[in-house]
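Just so you know, we're using our numbering here: the sequence shown kicks off at 8 and counts up by one.
These notes concern the structure reproduced below.
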Amino acid sequence: MATAEVGAPRLNSAEPAADHYLDITQLVCPMTFVRTKLLVERMRVGETAEVRLNAGEPLRNVPRSLREHGHEVLGIEPESGGETAGVYRLRLRKR
């Protein structure tokens, strides 16, 4: 079972809704980051997005690639509920 990235803060459910939302659970690498990057390119600096992604490669690669491109990963947490096992939510801020 994959776990959220070590050192990544957990999402705070009291935070306001993200400015953008993207579900990449039906995609495989490298398209997971390609779609995320396309979303970030359309965003304004300071805006936030929530990305729904699967455990495994997407959970390892998308946060790392976002940081490498200078963006901030605000948090990562698993979705609750039995039918979404292995699905995570990542929140990012464009820098």
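C-beta atoms are modelled at their ideal positions from N, C-alpha and C, and glycine is treated no differently.
In this text the structure is predicted, and so the values were computed from the model without any measurement.
Which residues share a DSSP beta bridge with residue i?
i: Asn61; result: Val94
i: Arg100; result: Thr55, Glu79
i: Glu84; result: Arg96
i: Asp30; result: Arg59
Report all residues from its chain with a CB closer than 6 angstroms to the CB of residue i; omit the five preceding and five following residues, and keep chain order.
i: Glu12; result: Interpretation of Glu12 is limited by its pLDDT of 43, a score under 50 that renders its predicted location unreliable; no figure is taken from the coordinates.
i: His78; result: Leu99, Lys101, Arg102
i: Pro65; result: Thr39
For residue i, collect the residues of the same chain with a Cβ closer than 7 angstroms to its Cβ; drop the 5 residues on either side in sequence, then sort them by chain order.
i: Glu86; result: Val94, Tyr95, Arg96
i: Asn61; result: Thr32, Gly93, Val94
i: Val80; result: Ala15, Pro70, Leu73, Arg74, Leu97, Leu99
i: Leu46; result: His27, Leu29, Ala56
Taking 8 angstroms as the cut-off, decide whether the C-beta atoms of residue i and residue j are in contact.
i: Arg98; j: Glu57; result: yes
i: Arg102; j: Val52; result: yes
i: Glu54; j: His27; result: yes
i: Arg59; j: Asp30; result: yes
Cutting at 8 angstroms between CB atoms, please list the residues of its own chain near residue i, excluding the five before and the five after it.
i: Lys44; result: Ser72, His76
i: Cys36; result: Glu64, Pro65, Asn68
Please list the terminal residues of the continuous alpha helix (DSSP H) segment that includes residue i.
i: Val47; result: 38-49
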